[in-house]
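Peer 1: Below are the structure tokens for one structure; questions will follow.
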Amino acid sequence: MIEGILIGLSTALTFQNIFMVMIGCFFGTIIGMLPGLGPMTAIALMIPITYGFDPATGLILMAGVYYGAVFGGSTSSILLNAPGVPGTVATSFDGYPMAQQGKAGKALAIAAWSSFAGGTLSAIYLLFMAPSLSKVSLSFRSPDYFALMILGLTAIAAFSSKGQFLKAMMMVVLGLMLASVGQDSLSDITRFTFNNMNLTDGISFVLVVMATFAMSEALTIILKRNDPTAAAKQVSLTELGSIKIDKEERGKMYKTIPRSSIIGFLIGVLPGAGATIASFLAYGMERNLVKDDEKEKFGKGSVNGLSAPETANNAACSGSFVPMLTLGIPGSGTTAVMLGALLGFGIQPGPRLYMTNPEIFWSVIMSMYIGMVVLLILNLPLIPYIARILAVPKNYLIPLILFFSITGIYVMSFNNFDIYLMIGIAVVATFLRLYDFPMPPLILAFVLGGLMEENLRRSLLLSDGSWTFLWDRTLTLCILSTTILIVGWQIYKTFKKKN
Amino acid sequence: MNINTTKIISLLFFIFSSFYLYTAYQIQVFAFDENAPFNARTFPIYLGYTGLFFSGLKLILPDPDTIKVEHKNLEYKKTGILIIIAIIYGATILKIGYFLTTSLFLFTSYYFLGERRWILMFLLSFPFVAAFMYLLHGVLDIYLRDPFLKSIGVMG
Chain A
478 MIEGILIGLS TALTFQNIFM VMIGCFFGTI IGMLPGLGPM TAIALMIPIT
528 YGFDPATGLI LMAGVYYGAV FGGSTSSILL NAPGVPGTVA TSFDGYPMAQ
578 QGKAGKALAI AAWSSFAGGT LSAIYLLFMA PSLSKVSLSF RSPDYFALMI
628 LGLTAIAAFS SKGQFLKAMM MVVLGLMLAS VGQDSLSDIT RFTFNNMNLT
678 DGISFVLVVM ATFAMSEALT IILKRNDPTA AAKQVSLTEL GSIKIDKEER
728 GKMYKTIPRS SIIGFLIGVL PGAGATIASF LAYGMERNLV KDDEKEKFGK
778 GSVNGLSAPE TANNAACSGS FVPMLTLGIP GSGTTAVMLG ALLGFGIQPG
828 PRLYMTNPEI FWSVIMSMYI GMVVLLILNL PLIPYIARIL AVPKNYLIPL
878 ILFFSITGIY VMSFNNFDIY LMIGIAVVAT FLRLYDFPMP PLILAFVLGG
928 LMEENLRRSL LLSDGSWTFL WDRTLTLCIL STTILIVGWQ IYKTFKKKN
Chain B
76 MNINTTKIIS LLFFIFSSFY LYTAYQIQVF AFDENAPFNA RTFPIYLGYT
126 GLFFSGLKLI LPDPDTIKVE HKNLEYKKTG ILIIIAIIYG ATILKIGYFL
176 TTSLFLFTSY YFLGERRWIL MFLLSFPFVA AFMYLLHGVL DIYLRDPFLK
226 SIGVMG
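From first to last, the protein sequence lines are chains A and B.
Using the numbering used here, the first residue of the first sequence is number 478, and each one after it goes up by one.
Using the numbering used here, the first residue of the second sequence is number 76, and each one after it goes up by one.
Below is the structure:
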């Protein structure tokens, strides 16, 4: 492992990669501060640029964008009570009251230090957990992988859909259907192409991500007459005050950070759970653990109440890399986008990644730490200036997002058809968004579609067409039982709501 | 049964899944693969049935959290214009070239979204696209096809 860490450090500490982390964190912070434009959009817009680099650098850039976006989301939560990303909603419970008391700078500093500590601790957990899990996952067979993918898709549908489980499952199926277009990987038989040569190679992953996130979010902003840059304009005018944290506040943070980082990391590892659930759970847990006098301060500017969700959401971000790097199965929409980008580089993440491409595996883990330092040293003092950059009118922002989306497809295919297809998917996605059909399950399903079919193929061939492979192995049965429990519980909840 | 837009979308998805399933059954497989435990049409067939199952459930089950969208508050005109501009952009980018079409796409989009600061609009279209092209083509070595710039001798 020491050798791996050194390889990772030497890759992550090159001038180019440090620069990429800085650019990623900076760009991510900008996008994260804009309510409505989350880390998935930021990463999607970066994909075409990453194809100019080697895979390690590309992934480092995307990881930097991810942390930056979460940090940026915290900033608008604290200063404006307008969370940029769902994972920072809990941050506003105590961050915004603190800012209203004239302690905006202090609140930002507490959030930044908590994020830093949470991210650092979880990078350490990841450092030790990922190789062990990789070794364990080498014993996984096709039926286990197939069951695990179904669990991942069901879990993301259950956790990311705000009670709209069936809608999310429809999006999962749609994602899998889109992934099935094109040549069958084994027999080369074309499917659902309707004799259109442009569809023979299937639908590009970048196209689907750009259409369902970047482009559709831009269209939604115009359609709903939202102005995401309004928040940034207000941030640029906010007086931050001192960013110093006193001894008593530090004492409170020392207790909160370790426990919140553990809960954040563990929740992040679970497929589909992610930063939002982690931050809410950490907030709730912290409220139960503190003394009664501190409990009274929750919701009115508590240091513990601010530190807990911030630590947990950053820890969850690192945790969500575990299933992607070790199993090749992304646990969240954001890591699904990264997985898709890696597949575009011709790299298959999974248990063998850290043996075949140790520089990618370890440099991403090492760059997480560097990213945290960058966020703390550079972004915290720069918040008012970043906000000023953001205060561009949406009349410029929206065309620029569309431009980046279309350019992304153009440089990949030099094909009109792909641009039309992207616009078509974006229009459908915009309409579906209006009625709360979630997009992350669609992306995750699209990315996993090919792998899922491959593992089902192997499982069915090995069992001679019998579905008994689903309960022949204890591990497969356990994973499948969890999936059935999730589906049953969600359908039961729908009935219960009505009654 | 309360018919709302979500139910209509579910119904459309049900019809789409039926069509997908029908098409899945039409996939031509090799003769020796016809009775194999798994062939090119197996997974799509399961997907089609799964689509029918979930959209059918959504249609049948009650919908306690009905989403109501105020259509009169939505900006259909500007959204439609942006989509049309994007389609025109897509149609011309290969023939005319990246630089000119992209710059015009940005400029007209700013205009239709209500922007009238001409100098800023110009700076954020033509020079911006030129700089971006340099980044992609010159620095990152990502090929950009541009017949227009080629015809005037700017690009090799």
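For every residue, glycine included, the Cβ atom is placed at its ideal position computed from N, Cα and C.
Just so we're clear, the structure is a prediction, and the values are computed from it rather than from any experiment.
Taking 7 Å as the CB-CB cut-off, is A:PRO918 touching chain B?
Peer 2: Not closer than 7 Å to any Cβ of chain B, the Cβ of A:PRO918 fails to qualify, so no.
Peer 1: At 3 residues or longer, what runs of the beta strand (DSSP E) sit wholly inside the segment 821-853 of chain A?
Peer 2: Listed in chain order, there is nothing to give.
Peer 1: Counting only Cβ pairs nearer than 7 Å, list the residues of chain A close to B:LYS153.
Peer 2: Per Cβ cutoff of 7 Å: ILE699.
Peer 1: Going by DSSP in three states, A:ARG950 sits in which element: helix, strand or coil?
Peer 2: Three-state result, A:ARG950: coil.
Peer 1: Please decide whether B:SER93 counts as near chain A, where near means a Cβ-Cβ distance under 7 Å.
Peer 2: Not closer than 7 Å to any Cβ of chain A, the Cβ of B:SER93 fails to qualify, so no.
Peer 1: Which class does B:GLY172 belong to by DSSP, given the choice of helix, strand or coil?
Peer 2: Coil.
Peer 1: In angstroms, rounded to a whole number, what distance separates the CA positions of A:MET499 and A:VAL851?
Peer 2: Those two C-alpha atoms are separated by around 6 Å.
Peer 1: Within the 7 Å Cβ cut-off, does B:ALA115 reach chain A?
Peer 2: Yes, B:ALA115 lies at the interface with chain A (some Cβ there is under 7 Å from its Cβ).
Peer 1: If you run the structure through DSSP and keep just helix, strand and coil, what is A:GLN641?
Peer 2: It is coil, neither helix nor strand.
Peer 1: Name the two residues that bound the continuous alpha helix (DSSP H) containing A:ASN791.
Peer 2: It spans 780-796 - the alpha helix (DSSP H) in which A:ASN791 sits, taken as one unbroken run.
Peer 1: For A:MET654, which residues in chain B fall below 9 Å Cβ to Cβ?
Peer 2: Within 9 Å Cβ-Cβ: PHE91, SER92, TYR95, PRO119, LEU122, GLY123 and GLY126.
Peer 1: Helix or strand or just coil, what does DSSP make of A:THR945?
Peer 2: A:THR945: coil per DSSP, three-state reduction.
Peer 1: Less than 7 Å separating the beta-carbons of A:SER984 and B:ALA115?
Peer 2: No answer is possible for residue 984 of chain A: the residues shown for chain A start at 478 and end at 976.
Peer 1: Which of the three DSSP states, helix, strand or coil, is assigned to A:GLN578?
Peer 2: Correct three-state label for A:GLN578: coil.
Peer 1: With a threshold of 7 Å between beta-carbons, can B:SER184 be considered close to chain A, or not?
Peer 2: Judged by the 7 Å Cβ criterion, B:SER184 is in contact with chain A.
Peer 1: Quick one: is A:ASP941 buried, meaning 16 or more other Cβ sit within 10 Å of its Cβ, or exposed?
Peer 2: With fewer than 16 Cβ atoms within 10 Å of its Cβ, A:ASP941 is classed as exposed.
Peer 1: Would A:GLY564 and A:ASN781 be called neighbours here (beta carbons separated by less than 7 Å)?
Peer 2: In this structure, A:ASN781 does not lie closer than 7 Å to A:GLY564 by Cβ.
Peer 1: Give me the residue from A:TYR912, A:PHE492, A:ILE722 and A:MET539 with the minimum Cα distance to A:PHE503.
Peer 2: Ranking the options by Cα distance to A:PHE503, first place goes to A:MET539.
Peer 1: What residues of chain B sit near A:ASP941, judged by a beta carbon separation below 8 Å?
Peer 2: By Cβ distance, chain B contributes PRO112.
Peer 1: Relative to the alpha-carbon of A:ASN558, which residue among A:LEU783, A:THR907 and A:TRP966 has its alpha-carbon at the smallest distance?
Peer 2: It is A:LEU783 whose Cα lies nearest to the Cα of A:ASN558.
Peer 1: Given a cut-off of 7 Å, decide if A:PRO786 and A:TYR760 are closer than it, judged by their beta-carbon atoms.
Peer 2: The answer is yes: Cβ separation under 7 Å.
Peer 1: Compare the C-beta of A:VAL964 with all C-beta atoms of chain B and state if any pair is closer than 7 Å.
Peer 2: So no, A:VAL964 is outside the interface.
Peer 1: Does the beta carbon of A:GLY659 sit closer than 7 Å to a beta carbon anywhere in chain C?
Peer 2: Included in the structure are the protein chains A and B, with no chain C among them.
Peer 1: At a Cβ cut of 9 Å, what residues of the segment 131-149 of chain B count as close to chain A, listed as they run along the chain?
Peer 2: If the cut-off is 9 Å between Cβ atoms, the segment 131-149 of chain B has LEU132, LYS133, LEU136, PRO137, ASP138, PRO139, ASP140, ILE142, VAL144, ASN148 and LEU149 near chain A.
Peer 1: For B:PHE105, return the contacting residues in chain A, with the cut-off set at a CB-CB distance below 8 Å.
Peer 2: Chain A residues near B:PHE105: SER664 and ILE666.
Peer 1: Is there a C-beta anywhere in chain B that falls below 7 Å from the one on A:ARG618?
Peer 2: No, no contact with chain B.
Peer 1: Could you tell me which chain A residues have their CB closer than 8 Å to the CB of B:LEU199, listed as they occur along the chain?
Peer 2: Result: TYR873 and LEU877.
Peer 1: For the segment 878-890 of chain A, enumerate the residues whose C-beta is nearer than 8 Å to any C-beta of chain B, in chain order.
Peer 2: For the segment 878-890 of chain A, which is checked against every Cβ of chain B, the residues closer than 8 Å are LEU879, PHE880, ILE883, THR884, TYR887 and VAL888.
Peer 1: I'd like to know whether the C-beta of B:PHE88 is nearer than 7 Å to at least one C-beta of chain A.
Peer 2: Chain A contact via Cβ: present.
Peer 1: In the DSSP assignment, what residue or residues form a beta bridge with A:GLN660?
Peer 2: According to DSSP, A:GLN660 bridges with A:THR667.
Peer 1: In chain order, what are the residue ranges of uninterrupted alpha helix (DSSP H) at least 4 long that sit wholly in the segment 110-198 of chain B?
Peer 2: Whole alpha helix (DSSP H) segments, 4+ residues: 117-135, 151-171, 173-187 and 193-198.
Peer 1: Which bits of chain B does A:TYR912 rub up against, with CB to CB less than 8 Å?
Peer 2: Here the neighbours are THR80, THR81, ILE84, ILE142 and VAL144.
Peer 1: Please confirm if B:ALA161 has its CB atom under 7 Å from at least one CB of chain A.
Peer 2: Yes - at least one Cβ of chain A is within 7 Å of the one on B:ALA161.
Peer 1: Which of helix, strand or coil does DSSP assign to B:ASN77?
Peer 2: Its pLDDT being 47, under 50, B:ASN77 is placed unreliably in this model, and the coordinates cannot settle the point.
Peer 1: Would you mind sorting A:SER797 into buried or exposed? The rule is 16 or more other CB atoms within 10 Å of its CB.
Peer 2: Burial call: buried.
Peer 1: Using a Cβ-Cβ cut-off of 7 Å (strictly less than) and excluding sequence neighbours within five positions of A:ILE847, which residues of its own chain qualify?
Peer 2: So the qualifying residues of the chain are ALA489, ILE495 and VAL498.
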